[in-house]
Structures are given as C-alpha cells and as structure tokens.
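Student:
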Amino acid sequence: MSGSTAYGLCSAALVGLGLFGLIVHPEPLRKTLAFNVIGGGVFLLFGVVARRGAAAGFGGDPVPQALVITGLVVAFAATALTVGLLLRLFQEAGRANLRSDE
Amino acid sequence: MSFALNLLTVLAVCAGAFFFLAGTAGLLRFPDPLSRLHALTKADNLGLGFVVLGLLFQAEGLFAGLKLIAVWLLTLLAGATVTQLIAGTARPSGPRE
Amino acid sequence: MPNSATAGGFLLVLAIVLPVTGVLLSLVLGGRHAERVVLILMPAGLAVALAIAIEVWRSHNVLQYFVGNWDPPLGVAFRADGLSAAMLVATALLVCGIGLFARGQFTSPGQAERRAPLVFWTLLPAVWGALNAVFIGGDLFNLYVALELLTFAAVPLVSLDGRAETIAAALRYLLFALFGSILYLLAAVLFYGAYGTLDIVLLSGRIRAEPVAWAAISLMTAGLLAKAALYPFHLWLPPAHAGAPAPASAILSGLVVKAPFFLVIRLWFDIMPRMPEPAAAQVLGILGGAAILFGSIVALRQARLKLLIAYSTVAQIGYLFLMLPLALTPEIGHPWSTFAWTGGILQAISHAFAKAAMFMAAGLIAEGIGHDRITDLAGIGRALPMTVFAFALGGVSLMGLPPSGGFIAKAMLLTAAVAEGQWWWAVIVLIGGLLAGGYVFLVLARALADPIEPLRLLTTIPPSRQAVVLVLALCAVVLGIVPLRPSELLQIGRPDIAVAGFR
Amino acid sequence: MAFDIGLAILVLGVAVWTIAGRDAFAAVVGFVAYGLLLALVWVRLAAPDVALTEAALGSGLTGGLLLAASTRLRRPETTAPGEESAAPLRFAAAIVCALVTAGLVAIVLLLPEPPPTLAPQAAANMAATGLGNPVTAVLMAYRAIDTLLETVVLLLALLGVWSLAPDRFWGGLPGQRHHADPEGVLTFAAQLLVPVGVLVGIHIFWVGSIAPGGEFQGATILAAMWILAAMAGLVDAPAVSRRWLRSMLVAGPVVFLAIGLIGFAIAGAFLAYPDSLAKLLIVLIEVPVTLSIAATLALLVAGPPARMPQQ
Chain A
144 MSGSTAYGLC SAALVGLGLF GLIVHPEPLR KTLAFNVIGG GVFLLFGVVA RRGAAAGFGG
204 DPVPQALVIT GLVVAFAATA LTVGLLLRLF QEAGRANLRS DE
Chain B
6 MSFALNLLTV LAVCAGAFFF LAGTAGLLRF PDPLSRLHAL TKADNLGLGF VVLGLLFQAE
66 GLFAGLKLIA VWLLTLLAGA TVTQLIAGTA RPSGPRE
Chain C
23 MPNSATAGGF LLVLAIVLPV TGVLLSLVLG GRHAERVVLI LMPAGLAVAL AIAIEVWRSH
83 NVLQYFVGNW DPPLGVAFRA DGLSAAMLVA TALLVCGIGL FARGQFTSPG QAERRAPLVF
143 WTLLPAVWGA LNAVFIGGDL FNLYVALELL TFAAVPLVSL DGRAETIAAA LRYLLFALFG
203 SILYLLAAVL FYGAYGTLDI VLLSGRIRAE PVAWAAISLM TAGLLAKAAL YPFHLWLPPA
263 HAGAPAPASA ILSGLVVKAP FFLVIRLWFD IMPRMPEPAA AQVLGILGGA AILFGSIVAL
323 RQARLKLLIA YSTVAQIGYL FLMLPLALTP EIGHPWSTFA WTGGILQAIS HAFAKAAMFM
383 AAGLIAEGIG HDRITDLAGI GRALPMTVFA FALGGVSLMG LPPSGGFIAK AMLLTAAVAE
443 GQWWWAVIVL IGGLLAGGYV FLVLARALAD PIEPLRLLTT IPPSRQAVVL VLALCAVVLG
503 IVPLRPSELL QIGRPDIAVA GFR
Chain D
193 MAFDIGLAIL VLGVAVWTIA GRDAFAAVVG FVAYGLLLAL VWVRLAAPDV ALTEAALGSG
253 LTGGLLLAAS TRLRRPETTA PGEESAAPLR FAAAIVCALV TAGLVAIVLL LPEPPPTLAP
313 QAAANMAATG LGNPVTAVLM AYRAIDTLLE TVVLLLALLG VWSLAPDRFW GGLPGQRHHA
373 DPEGVLTFAA QLLVPVGVLV GIHIFWVGSI APGGEFQGAT ILAAMWILAA MAGLVDAPAV
433 SRRWLRSMLV AGPVVFLAIG LIGFAIAGAF LAYPDSLAKL LIVLIEVPVT LSIAATLALL
493 VAGPPARMPQ Q
C-alpha cells in the first residue's frame with residue numbers, strides 16, 4: 144500500500160462518515176459541519192487522483208489540484224450562506240432547526 | 006561537519022519534542038485553566054523554539070533561516086495573545102470550566 | 023461532433039458574458055439602475071439566444087467553442103446542440119416575461135436603494151447566466167461551477183420577504199442543493215480518476231461499462247435528482263417555491279429545476295449513449311411515476327393557491343423522468359425512443375411557460391385580494407378575467423388537453439409507452455392528467471363562482487402585467503400548435519441517433 | 193509510508209470527533225483541527241497550493257465562521273432534549289454510509305494503471321502562459337473560465353448573505369462594532385500582526401505565478417487580517433451601500449471579463465492571451481481579483497448589515 148492509497152481509503156471513510164452525520168444530525172449547523180467533512184473527503188480523493196497522475200516533473204497532476212482550490216472556495220461560500228440563513232432564522236424564530244415546520 | 010550539524014539538529018528537535026510532551030501532560034493533568042495555560046504556553050514556546058533551532062542547522066541560506074525564526078516569533082505572539090484572552094475569560098470563574 | 027471551434031461559437035461566450043455583466047453592473051450601480059440594467063440586457067440576451075438557435079438550425083450541427091483556444095481535455099469547451107438552443111431560447115423568453123412582470127413589484131421609489139429590488143434585479147441575470155452556462159457547458163467541472171452559481175442565485179430569491187418560514191424554506195433548499203452538489207462533485211472526481219477527462223464528448227468516447235463508471239453515474243444522477251426535487255427528494259420544493267415572491271417562484275419552478283434535469287439528459291444520453299441500462303431507467307421512471315401520483319394528490323388537498331401550484335410542480339417534474347425508461351430502450355435511435363425523448367423535452371419547455379404563467383397569475387391574485395386561500399377566491403374571475411384566463415391556459419397544458427405543448431408532450435410519452443409495450447407508464451400519464459384536471463378545476467370553480475358579496479380588489483392590477491402572464495401562457499399553448507419544427511431542432515447534435523430516424 | 197498511514201488514521205479520528213461529538217462547539221473545534229491535518233495531507237500529496245488554501249480557507253476562515261455561529265446559537269433554549277434521531281434511522285443510515293464507503297474503497301483500489309493524467313499537457317503549454325506554477329496556469333489560463341465564474345459565485349454568496357438583512361438596516365454596516373481597548377492584548381496583537389500579515393498575504397499572492405501560492409491564498413490571508421483588525425476595533429466595516437465598496441467587490445470579475453473580451457481581438461478567443469503578453473495580462477487580472485476576493489471573503493464573515501452608521 145502506498146501513501147496515496149492510504150489517503151484514498153481515508154477519503155472513502157470520510158465521505159461515509161460525513162454522509163452519516165448529514166443524515167442523523169437534525170441541527171443545520173451540524174449538517175453544515177458534515178458537509179464540510181464530506182467535502183474534505185471528496186477533495187482528498189481528487190488529491191489522490193492528482194498524486195497518482197504525477198508526471199512531466201510535477202509531483203501531481205496540476206489540473207485536479209487547481210479544481211480542488213476552486214472547490215474549496217465554493218465550499219466556503221456555501222458555508223457562509225448557510226450560516227447566514229441559520230443565524231437569521233435563529234433571530235426571527237428563536238430556533239435553529241428545521242424539524243417543527245414539517 | 007554535516008555530521009555535527011545533523012547531531013545538533015537531532016538533539017535540539019528531541020529537546021523540543023520533550024517540551025511538547027511535558028506541556029501536553031500539563032494541559033491534561035493540571036487542575037485549573039490558568040495553570041493549564043501556564044504549562045501549555047511555557048512548554049510549547051520552548052518546544053517550538055528548540056524545533057526551530059534544530060531546523061536552523063539544516064536551513065539553506067540566510068533567508069530560509071529568517072523565515073523559520075519568523076514562524077517562531079509569530080507563533081509566540083499568537084500564543085501569548087490567545088492565552089491572555091482565554092485567561093481573561095477564565096479568571097472571574099468564567100462561563101466555562 | 024466537430025473537433026474544433028465552429029463559426030458562431032463566440033455567441034456561446036456572449037450567452038454567459040452578457041448576463042454576468044448584468045450582475046456586476048446591477049450590483050455596482052445599485053438602486054434604480056439595477057432594474058434598468060436588466061431591462062437593457064433582456065432584449066440583447068434574447069437576441070443572442072435566437073442567434074444561437076438560428077445558427078444551430080442553419081448549420082445543422084453543434085456549435086462549439088474552446089475557451090481561450092485551449093482544446094479539451096486541458097481546456098473547457100462550450101457546446102450548443104439543438105436541445106441547448108431550445109432551452110436557451112425558452113429561458114430567454116421566460117426571463118424577459120418575468121422581468122417585465124416584476125417591474126410592477128420590485129421598484130425602488132425615490133433615490134434610496136431598497137433591499138428586495140436590488141437583490142432581485144441582481145439575481146435575475148445571475149439565474150439567467152447560470153442557466154445558460156448549464157445549457158452550453160461541455161465540461162463536468164465547469165458545469166459544477168454553473169450549478170453552484172445557480173444555487174447561490176436561486177436560494178436568496180426564496181427568502182426575499184425575510185419571514186422566518188421562508189428563511190427556513192431557503193435553508194432547507196440550500197441544504198438539499200449542497201447535498202446534490204457534493205454527490206455530483208464526487209462523481210466528477212471518479213470520472214476524472216478513471217478516464218482522465220471531464221469533457222463530455224471525450225468522456226463519452228472513453229467510458230466503458232465497468233464499476234467505476236456505474237458508481238459515478240449513480241452518484242451524479244442521485245445528486246441531480248436532489249437538485250431537481252424528484253420524489254422522494256421533493257421535500258424542499260413546495261415551501262421554497264410557494265414562499266418566494268411570484269416572479270421568483272416563476273423562475274424557480276419554471277426554469278431552475280430544469281437545469282439538473284437537463285444534466286441528467288446529458289449524462290444518460292450523451293455521456294453513455296452506448297450503454298443503456300433498462301433496469302436503472304425503470305427505477306427513474308418509477309420515481310417519476312410516484313412523483314406524479316404523490317404530487318398531484320397532495321396538490322388536490324392544498325388550501326393555498328401557491329402551495330397547490332408548487333405541489334403541481336413536484337408532479338410535473340415526474341413526467342420529465344418518465345422519458346428515461348421510454349427513450350433508453352436497448353435500441354436507441356428507434357423511432358419510438360426518439361418520440362419519448364422529444365416528448366420529455368417538450369414537457370420541460372411547455373411546463374416552464376405554463377408554470378411561470380400560473381405562479382405569476384397567483385401572484386397577481388394575491389396582490390389583488392391580499393391572500394391566496396383557494397376557498398375565498400370567488401369573484402376573482404370577474405375582477406381579473408385576463409389573469410384567471412392565463413391561469414386556465416397554463417392548467418390546460420398541465421392537464422395535457424389540446425391544444426397545448428403539454429398535450430403534445432404527454433401524447434408523445436403516451437404513444438411511445440403504448441408502442442413499446444410499456445403500457446404502465448401510459449396509465450400513469452392518464453391518471454396524472456386526470457388529477458391535474460382535478461386541481462386546476464378546483465381552483466377555477468372557486469375563481470369563477472359568484473361571490474356572496476361583490477369582490478373588491480385592494481389595488482388595481484395594471485393590464486400590462488396581466489398581459490405578460492397571458493403571453494407566457496399562450497407560449498405554452500403555441501408550443502402545441504407548431505410542435506414539429508422545434509422538435510426537429512431538438513434532434514440536432516444528438517450523438518446517439520441519426521436525425522433521419524425521426525419522422 | 194508509516195507516517196502517511198498514521199496521519200490518515202489521525203484525520204479519521206478527528207473527523208469522527210467532529211461528527212459524533214455531542215457538543216456543537218467542540219465539534220467545530222474538531223473541524224478546525226481536521227482542516228489543519230488535511231493541509232498536512234495535501235503537503236504529503238505534493239500539492240502545496242492546495243495545502244495553503246485548505247489551511248487558510250478550509251480550516252481557518254471556515255472554522256472562524258462556524259465557531260462564531262456556534263457561540264451565537266449556543267443558548268440554553270436551543271439545546272432542546274430529544275433532538276437525537278431515532279435509533280432505527282441511525283442504524284439504517286450507518287448501513288447506507290458503510291456501503292458507500294465500501295464502494296468507494298473498491299473504486300480507490302481499482303483505479304486504472306497507468307493513471308490518466310493531464311500533467312504532460314499542462315507542462316507542454318506552460319511556456320505559452322509565461323507562468324512557473326502549473327496550478328496557477330490551470331486557474332488563470334487553461335481553465336480561466338472556471339475561475340471567472342468562481343469570483344461571481346463568491347459575489348452571489350455575499351449578496352445572498354446581505355439579502356438576509358432586515359429592511360431597516362439595508363445599506364448599513366455589517367456585524368457588530370468592536371471597540372478598541374488601547375490597553376487590550378488583542379489590540380496590541382492586531383497592531384503588531386496586521387502589517388506583517390498583509391505583507392505575507394501580498395507575498396503569497398505575488399509568488400503564485402512561479403511558486404506555491406496565488407490569488408485565493410493571498411486573498412484569504414488579507415481577509416483574515418482585516419477580520420483581526422475589525423475584531424480588535426482598529427477598523428470598522430464599511431456600509432454596504434458605499435459605491436467604493438461595491439466597485440472594489442466587482443473590480444476583479446470586471447477586469448477579468450474585460451481582458452477576456454480583449455482576448456477576442458488580440459489572441460483570437462475569449463480569455464486567450466498572446467504569448468508575449470500572457471504573463472502581464474494574467475498579473476493585471478490577478479491584482480484586482482485578489483482585492484475583490486479578499487473583500488468578499490472578509491464581508492462574508494462579517495455577515496449581513498445589522499446597524500446604521502452613526503446612530
């Protein structure tokens with residue numbers, strides 16, 4: 144097993160773990176955390192793909208690496224918007240969950 | 006020459022690791038927030054100092070060495086600030102702990 | 023498929039650059055200028071969309087553009103086939119209609135900038151640009167960015183009024199959309215890891231029937247379904263679409279949910295045309311059928327008009343996915359398969375017009391009488407005849423009655439189902455039509471009833487706004503009268519069939 | 193090798209803490225550690241550019257945002273008992289997620305040999321971009337359209353956050369005003385750190401064309417410095433209606449678009465650069481883009497307008 148395979152297996156576990164958190168946690172803040180854990184796993188898998196593609200004197204394929212940077216920025220923007228909605232909901236309704244409005 | 010430098014590096018980094026270990030033990034074992042912080046910062050600043058010192062022997066050129074020292078100084082500053090803030094919160098039988 | 027940039031490819035760049043410019047200008051100029059920027063933008067964007075459609079029609083080929091002259095797989099390609107062109111034109115028409123309609127609702131009186139108008143007039147071109155980017159995207163990661171652009175443009179529209187319940191609806195929508203995005207991205211990573219490209223055309227040449235391909239396709243489909251609100255991922259849709267202001271509901275229900283559906287089509291028909299999987303297509307069809315039955319029945323039980331229309335969207339999305347089991351037959355390119363494919367796309371477009379008209383009609387009714395309780399609509403048919411007529415025309419298309427785009431779409435799906443021996447889909451189409459008839463007549467019966475005391479409108483609704491709604495509803499009808507030309511356009515550039523197969 | 197396995201296990205452990213911990217605040221702290229460890233993983237995967245982004249943005253800024261949110265949501269009335277999901281749901285979810293993980297494990301082990309890669313093509317075209325960092329070449333040349341749309345995505349997210357302001361505060365100032373305490377340690381630290389941090393941010397941005405770094409990483413550091421200065425009360429957020437602020441926010445995408453359109457005339461395609469001018473044009477784009485991203489990130493953390501100027 145090479146180092147990048149270890150990280151590949153780690154990324155698979157991270158995706159599963161984050162998915163679990165996403166399903167079982169009712170509070171949106173915890174869901175947001177779970178999203179970011181999954182995101183970390185997905186990006187890591189892309190990093191492993193990049194590392195495997197090392198060639199032409201580069202330590203890794205630069206295309207997936209660049210895409211991960213773009214992805215991280217999108218993930219931050221998504222987190223910021225979620226947090227904004229969450230805080231405003233808390234302010235308006237005094238609650239920060241989505242359960243009771245079913 | 007390079008053997009001597011390598012030896013110095015190993016010694017310094019080991020010393021640094023010891024201080025980190027001691028600091029972590031203090032963080033876990035000491036009874037109240039203030040003494041925990043005390044253990045943590047004292048040991049960490051010294052620990053990182055020794056690690057940086059050890060790496061200085063391996064630095065390629067003056068600029069790289071200065072960067073390492075800058076890392077240490079910035080960590081000192083950040084650590085001192087955060088410790089002050091935590092201690093300030095913890096002192097008047099703070100909201101947590 | 024051409025392997026270099028084609029003449030007229032620069033039009034594709036304009037289809038994205040124009041709306042994006044609108045977003046930036048609206049934001050920086052602010053105040054009342056935001057509205058003017060969009061009003062200037064609308065005809066220009068419509069012209070670009072029409073030019074693309076004409077160019078595709080004239081050359082009878084796919085328009086293609088390599089951004090920065092970098093060929094895929096290193097660079098990103100934009101491509102417009104007949105399907106893209108049709109969606110671009112439909113989007114442009116709808117955005118123009120919605121923009122004209124929204125003028126009466128989102129104005130900043132005086133010099134001071136108001137929150138809701140600025141946000142609306144900045145996000146309207148943002149939705150437009152994002153949709154265009156989805157329709158012409160040729161690269162899976164670029165499409166990911168486009169989908170995120172769409173999400174961030176659509177979510178704030180839901181909570182524009184700032185009430186707690188719409189904020190909760192927006193939050194739920196955002197969580198579902200992000201869930202879809204992350205699955206989509208994971209699938210894109212798997213595609214790249216296995217085949218070394220994210221370009222749709224290159225990918226379709228390299229993909230093989232193996233576990234990694236199936237995993238990627240399943241994940242991507244699941245992610246897109248969450249964004250398209252197909253049953254059982256529909257939970258977020260009704261509160262979000264019903265809670266948004268009417269013009270925003272129109273764009274969300276009419277167009278935004280069609281973008282992920284469009285990508286499902288790209289995935290199943292363009293990326294893997296030679297590997298049909300009837301069992302998987304049947305699963306998607308079953309979800310579609312469940313959506314039709316569930317959405318229609320719940321719509322029948324709604325007390326508020328906007329929620330009824332929103333649940334009807336859940337049902338109508340189901341029809342889109344009926345096309346998959348009917349078109350993904352083992353012999354793709356078979357006339358009946360093409361028939362079903364065309365029916366599905368026509369359903370997407372005619373539903374867009376019909377649903378936008380219905381939401382805006384509901385908005386005008388709510389403005390006029392201050393609520394949208396269905397039981398208290400009596401007399402509105404006399405007070406706002408043009409609006410109620412537009413609502414009825416939209417309803418005709420939803421039911422699938424002639425003459426309307428919805429009729430042709432549903433008839434094509436029905437015919438294909440019968441001809442292919444998959445009669446159970448035909449039954450569902452028919453039941454769905456009956457149920458749609460039920461909820462539309464429920465509303466119309468109340469609206470046309472004589473009120474106990476004469477209905478007084480709170481404000482006067484300008485006829486121009488009513489006319490816009492009527493024109494959009496008429497577009498849905500017209501699609502049913504001249505359906506053959508557009509459906510020929512739709513076939514241009516389909517990799518899986520010869521155009522000649524369609525008669 | 194052993195280090196990699198150990199690090200992978202550590203990352204997993206911290207992730208379990210983040211997901212399974214009962215206290216939201218502790219979970220967020222776990223997430224920050226998760227991000228920092230991932231940054232280390234990125235170094236091991238020969239992706240220093242990503243490592244910088246992960247540490248600054250994925251762990252730092254995201255962590256700060258979530259920490260602030262979890263403190264504000266942490267009131268007694270929000271932690272109602274019985275919020276846990278039912279045991280059968282947890283069990284079913286665990287099975288589904290285990291299956292997903294197992295499937296991904298199989299795929300990771302079955303990834304093709306030799307691995308497909310675009311590294312040779314990226315290398316072959318580097319000369320035409322005049323850049324020395326392949327990741328920057330991807331972001332600014334080969335796939336510049338992604339980066340352009342990305343800057344718009346950030347702007348839309350900011351507008352989305354702003355749209356959550358109560359109507360009466362529209363055009364006002366975001367977040368709380370922090371007052372400077374001349375004796376305070378935070379003020380002192382900020383006075384000392386901000387100039388250094390700004391220099392570091394500019395440096396990281398500037399070396400991006402030849403070495404690891406670039407506009408996203410540099411902009412994140414600049415944004416963090418502004419946030420630090422605001423927390424220490426040294427600066428206050430500008431009102432969101434300010435024309436200069438709006439101009440600063442859109443400057444990056446506007447210049448990006450403009451130079452992209454000029455590409456039609458001087459290089460024959462949108463977002464194309466003639467070889468001789470490539471590096472100059474890319475730097476011309478990057479400077480305003482860095483400023484715009486820095487401003488957008490800082491304001492995303494600051495939140496929606498919540499007060500009017502000088503009440």
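Chains as they are written, first to last, in the working numbering: chain A, 144 to 245; chain B, 6 to 102; chain C, 23 to 525; chain D, 193 to 503.
In this text, a Cβ means the ideal position worked out from N, Cα and C, and glycines have one as well.
1. Answer yes or no: does any C-beta atom of chain B fall closer than 8 Å to that of Ala216/D?
2. Report buried or exposed for Ser271/C, applying the criterion of at least 16 other Cβ atoms within 10 angstroms of its Cβ.
3. Residue range of the beta strand (DSSP E) that Gln86/C falls in?
4. Would you say Val242/D faces chain C, with C-beta separation under 8 Å as the test?
5. Look at the alpha carbon of Ser154/A and the alpha carbon of Phe397/D, and state the distance between them as a whole number of angstroms.
6. I'd like to know if the region 71-84 of chain C and the region 188-204 of chain C are in contact, where contact means that at least 3 CB-CB pairs between them fall below 8 Å.
7. Which residue from Thr43/C, Pro233/C and Tyr217/C puts its Cα closest to that of Gly227/C?
8. What residues are listed by DSSP as bridge partners for Leu365/D?
9. What does the alpha-carbon distance come out to for the pair Gly97/C and Ala498/D?
10. Using the beta-carbon count (16 or more within 10 Å), is Pro273/D buried or exposed?
11. Under 7 Å Cβ-Cβ, which residues of chain D neighbour Thr43/C?
12. Please work out which residues of its chain come closer than 6 Å, Cβ to Cβ, to Leu306/C, disregarding the five sequence neighbours upstream and downstream, and give them in chain order.
13. Let's test the definition: count the other Cβ atoms within 10 Å of the Cβ of Ser130/C and tell me whether it reaches 16, buried, or not, exposed.
14. Can you give me the start and stop residues for the alpha helix (DSSP H) that Gly219/A sits inside?
15. Can you tell me whether DSSP reads Phe128/C as helix, strand or coil?
16. Mind checking Arg516/C: buried by the 16 CB within 10 Å criterion, or exposed?
17. Quick check on the burial criterion: 16 or more other C-beta atoms within 10 angstroms. Buried or exposed for His395/D?
18. Fully enclosed by the region 275-315 of chain C, which alpha helix (DSSP H) runs are 4 residues long or longer?
19. Suppose you measure from the CA of Phe85/B to the CA of Leu53/B; what does that come to, to the nearest Å?
20. At the level of alpha carbons, what is the spacing between Val208/D and Gly365/C?
21. Quick check on this structure: which residue in Lys328/C, Leu224/C, Asn154/C and Phe316/C has the alpha carbon closest to the alpha carbon of Pro282/C?
22. When you compare only the Cα positions, how much space is there between Phe380/D and Met423/D?
23. Please go through the same chain and pick out, in chain order, the residues whose beta-carbon is closer than 8 Å to the beta-carbon of Gly502/C, but skip the five residues on each side of it.
24. Note down, in chain order, all residues in the region 218-230 of chain D with a beta-carbon under 7 Å from any beta-carbon belonging to chain E.
25. Under DSSP, the alpha helix (DSSP H) around Phe429/C begins and ends at which residues?
26. Quick one: which chain A residues come within Cβ less than 8 Å of Val211/C?
27. At a cut of 8 Å, does the region 397-416 of chain C reach the region 489-496 of chain C through at least three beta carbon pairs?
28. Mapping the DSSP letters down to three states, classify Arg136/C as helix, strand or coil.
29. Taking CB distances under 8 Å as the criterion, tell me whether Leu82/B reaches chain D.
30. Nearest CA to the CA of Leu224/C: which residue from Arg478/C, Arg468/C, Ser26/C and Leu511/C?
31. For the region 192-208 of chain C against the region 157-176 of chain C, are there 3 or more C-beta pairs whose distance is under 8 Å?
32. For Phe100/C, list the residues DSSP reports as bridge partners.
33. Sorted by chain position, which residues of the same chain lie with C-beta nearer than 6 Å to Met382/C's C-beta, five sequence neighbours on each side aside?
34. So Thr488/D and Leu441/D are supposed to be a Cβ contact under 8 Å. How far apart are they, rounded?
35. Can you tell me whether Leu115/C is buried or exposed? The criterion is at least 16 other CB atoms within 10 Å of its CB, across all chains shown.
36. Hey, quick one: how far does the alpha helix (DSSP H) through Glu375/D stretch, first residue to last?
Tutor: Reading from the atomic positions:
1. Walking along the fourth sequence from the start, residue 216/D turns up at place 24. Cβ-Cβ to chain B under 8 Å: no for Ala216/D.
2. By one-based count along the third sequence, residue 271/C stands at place 249. That one is buried.
3. To locate residue 86/C, count along the third sequence from 1; it is residue 64. Looking at the DSSP string, the run of the beta strand (DSSP E) that includes Gln86/C is Leu85 to Phe88.
4. Taking the first residue of the fourth sequence as 1, we reach residue 242/D at position 50. So no, Val242/D is outside the interface.
5. Here the question's residue 154/A lines up with position 11 in the first sequence. Here the question's residue 397/D lines up with position 205 in the fourth sequence. Using only the alpha carbons, I get a separation of about 29 Å.
6. no
7. The residue you call residue 227/C lines up with position 205 of the third sequence. Ranking Thr43/C, Pro233/C and Tyr217/C by Cα distance to Gly227/C puts Tyr217/C first.
8. Taking the first residue of the fourth sequence as 1, we reach residue 365/D at position 173. Beta-bridge pairing links Leu365/D to Arg499/D.
9. Walking along the third sequence from the start, residue 97/C turns up at place 75. Walking along the fourth sequence from the start, residue 498/D turns up at place 306. Going by the C-alpha atoms only, they are around 43 Å apart.
10. Sequence index remark: in the fourth sequence, residue 273/D carries index 81 (1-based). Confidence in Pro273/D is poor, its pLDDT being 47 and thus under 50, which makes the residue's placement unreliable; the coordinate value appears in the next sentence. When all chains shown are included, Pro273/D counts as exposed.
11. Within the third sequence, residue 43/C is the residue found at index 21, counting from 1. The answer, in chain order, is Leu449.
12. Taking the first residue of the third sequence as position 1, residue 306/C is located at position 284. Cβ neighbours of Leu306/C beyond the five flanking positions: Phe343 and Leu346.
13. Numbered from its first residue, the third sequence carries residue 130/C at position 108. Counting Cβ neighbours within 10 Å, Ser130/C comes out buried, since at least 16 surround it.
14. Taking the first residue of the first sequence as position 1, residue 219/A is located at position 76. Per the sequence presented here, residue 219/A reads as Phe, with Gly not at that position. Run containing Phe219/A: Pro205 to Ala236, per the alpha helix (DSSP H) assignment.
15. Taking the third sequence and counting its residues from 1, the one referred to as residue 128/C is at position 106. In the three-state DSSP reduction, Phe128/C falls in the coil class, being neither helix nor strand.
16. Sequence index remark: in the third sequence, residue 516/C carries index 494 (1-based). It counts as buried.
17. As a position in the fourth sequence, residue 395/D is number 203, starting the count at 1. So His395/D ends up on the exposed side.
18. 280-287
19. Numbered from its first residue, the second sequence carries residue 85/B at position 80. Numbered from its first residue, the second sequence carries residue 53/B at position 48. In the sequence on display, residue 85/B carries Ala and not Phe. In a straight line, the C-alpha of Ala85/B is about 14 Å away from that of Leu53/B.
20. On the fourth sequence, position 16 is the one that residue 208/D refers to. On the third sequence, position 343 is the one that residue 365/C refers to. The straight-line gap from Cα to Cα measures roughly 48 Å.
21. Translated into the one-based positions of the third sequence, residue 282/C becomes position 260. Considering only alpha carbons, the answer is Asn154/C.
22. Here residue 380/D refers to the residue found at position 188 of the fourth sequence. Here residue 423/D refers to the residue found at position 231 of the fourth sequence. Taking the straight line joining both Cα atoms gives about 12 Å.
23. Along the third sequence, read from residue 1 onward, the residue named residue 502/C stands at position 480. If we look at Gly502/C and ignore the five residues flanking it on each side, its Cβ neighbours are Ser372, Ser419, Pro424, Pro425, Ser426, Gly427, Gly428, Phe429 and Ile430.
24. The structure shown contains no chain E; the protein chains it does contain are A, B, C and D.
25. Mapped onto the third sequence, residue 429/C falls at position 407. Run containing Phe429/C: Gly427 to Ala441, per the alpha helix (DSSP H) assignment.
26. Walking along the third sequence from the start, residue 211/C turns up at place 189. The contacting residues are Val185, Leu188, Phe189, Val192 and Pro207.
27. yes
28. Locating residue 136/C in the third sequence gives position 114, where the first residue counts as 1. Note: Arg136/C maps to coil in three-state DSSP.
29. In the second sequence, residue 82/B corresponds to position 77, counting from 1. So yes, Leu82/B belongs to the interface.
30. Counted from its first residue, the third sequence places residue 224/C at position 202. When only C-alpha atoms are compared, the closest one is Ser26/C.
31. yes
32. Sequence index remark: in the third sequence, residue 100/C carries index 78 (1-based). Note: Phe100/C sits in a beta bridge opposite Tyr87/C and Gly159/C.
33. Counted from its first residue, the third sequence places residue 382/C at position 360. These residues qualify, in order along the chain: Phe123, Ala268, Ala272 and Val491.
34. Here residue 488/D refers to the residue found at position 296 of the fourth sequence. Here residue 441/D refers to the residue found at position 249 of the fourth sequence. Yes, Thr488/D and Leu441/D are in contact; Cβ-Cβ is about 6 Å, under 8 Å.
35. On the third sequence, residue 115/C is found 93 positions in, with the first residue counted as 1. Per the 10 Å Cβ criterion, buried.
36. Translated into the one-based positions of the fourth sequence, residue 375/D becomes position 183. For Glu375/D, there is no enclosing alpha helix (DSSP H), as DSSP marks it with neither H nor E.
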